[in-house]
Each structure stands twice: as C-alpha cells, then as structure tokens.
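Residue numbers (numbering that gives the first Met the number 0): 0 to 177. Ideal placement from N, C-alpha and C gives every residue a C-beta, glycine not left out. Only one structure is covered here, and it is reproduced in the block below.
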Amino acid sequence: MTDAATLRRFRPGDAAETREVFWEAVRIGAADHYTEAQLADWVADPEMPDDWGDWLDRHFTVVAEDESGRIAGFFMLEASGYLNMAFVRPEWRQTGLADRLHAAILAEARAQGMPRLTVWASRLARRFLARHGWTLDSEPPPLSGHPVPTGDAEPIDVAMKLDLVAATVRAPDPHATK
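Rendered as structure tokens:
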C-alpha cells in the first residue's frame, strides 16, 4: 500500500468512518499488544456514541482519505494541546500516513501558538511519538482513569509531551547584536 491519501479537516459526515477506523486500529491493529480485557476496556463496542461526530468536530481533527474516498486514518488535537486521538487503519500502518497526520497536527499547533503538546500514549504509539521527538512527561495532563492499572510490568498508557518552542528551529536574527 502506498501513502496516496489526501489530508483534510474532519466533516460531520465522517463520524461513522472515523469510529470504524478507531475500532479497527484498537481491536485489530493493537491486538497483539494488549489482553482482550484491556482492548475491551479501551473500546468495548464498535457502535458509535451519539456525540462522537460533534466531539471530533469541536476540536482540530484531520482525516486522511484514500483514492476511493475511504477514511484511512485521523488525528484529533484539543485546544489545550492534548493529542486525544491518533489512529490509522491497520493496513495503513508503516506507510508514512501517520507521519503526515502528525505533521498536520503539529502545523495546526504551531499556527495556534501552542508551546507544548501532551498525550497519554498507548504502548503502540510510544515508539512512533518518540521518533517524532516526544519525551516522557513527569507532569502528565489530567485525565480521569490514567494511568490505567493493568497488573503488567508495562502500563497501558504513559504520559508524553512535545515542547514545540524548543523543537522549533529559529533562524538567526540578522539585526541582533553579537
């Protein structure tokens, strides 16, 4: 599969397909990394909650459409800088699509002047985010239910952050005195 998807903003008519992407990414794509009980706790039901589309529409949500118009993935960033959703269909993993969705989220965060992004990263997302400069966050964003206790040596979620101010390469000021 090639990364021939087109990125665009979420539209309310995308709700059912983004829920499908979320379901597939968790229940199929992440299945090898979690127990069935953990997966069921994450997303127990494929049915779309009534407020799903409104919720995604209230935030900056970017979707990726393949050549047929099918949604291949989506990322959602809250105004607080919290990366709440980051999912691609299993067949789109390792195609570069998640990298492109991540870049779109970063561009929006920078356009909004956000100094820092935060996330509760799943086991599967940690390596991806670390590759993009995210680090462990000793002051995690408040979110009820996190970290999720598992009884495993490795937690389900870990808090991560991306400092956009430090990550921004600034051109030297030609008027600055040395």
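Bounding residues of the alpha helix (DSSP H) (the contiguous stretch that carries residue i)
i, result
"D56", "W51 to R57"
"R125", "R122 to R130"
"R109", "L96 to A110"
Between the CA atoms of residue j and residue i - distance to the nearest angstrom
i, j, result
"E90", "P141", "32 angstroms"
"M47", "G95", "27 angstroms"
"H131", "S121", "15 angstroms"
"W133", "M159", "6 angstroms"
"P45", "E19", "7 angstroms"
"R115", "W54", "22 angstroms"
"L128", "D49", "30 angstroms"
"A30", "A24", "9 angstroms"
"R99", "L163", "17 angstroms"
"S137", "D40", "25 angstroms"
"L135", "R92", "23 angstroms"
"R26", "H32", "10 angstroms"
"T5", "H101", "14 angstroms"
Proximal residues to residue i (C-beta, below 7 angstroms), its chain only, five neighbours per side dropped
i, result
"G68", "none"
"G80", "A108, M113, R115, L116 and T117"
"F86", "V20, F21, A24, G72 and F73"
Pick from the options that is closest to residue i, judged by C-alpha positions
i, options, result
"G52", "L161, R8, D98 and D162", "R8"
"D156", "R126, E19, M113 and W54", "R126"
"L82", "R10, A124 and R26", "A124"
"Q199", "E77, V87, L6 and R88", "It is not possible to answer for residue 199, since the shown part of the chain is limited to 0 through 177."
"A103", "V87, L128 and F74", "F74"
"A14", "A97, A129, D136 and G72", "G72"
"E16", "A63, H101, L128 and A106", "A63"
"P11", "D56, L38 and R26", "D56"
"G28", "V61, L161 and R88", "R88"
Same chain, Cβ closer than 6 angstroms to residue i, five either side skipped, listed in chain order
i, result
"E66", "A3"
"T34", "none"
"F59", "L76 and E107"
Cutoff 8 angstroms: residue i Cβ touching any chain B Cβ
i, result
"A78", "Of the protein chains in the structure, only one exists, and it is not chain B."
N- and C-terminal bounds of the beta strand (DSSP E) containing residue i
i, result
"D156", "D156 to D162"
"A18", "Looking at the sequence itself, residue 18 is Arg, so the reference to Ala does not match. Here R18 belongs to no beta strand (DSSP E); instead the alpha helix (DSSP H) covers A14 to E23."
"A43", "Element bounds for A43: n/a, residue is neither H nor E."
"R10", "From DSSP, R10 is part of no beta strand (DSSP E); its letter is neither H nor E."
"A85", "L82 to V87"
"G72", "I70 to L76"
Own chain residues within Cβ distance below 8 angstroms of residue i, not counting five before or after
i, result
"W22", "V42 and P45"
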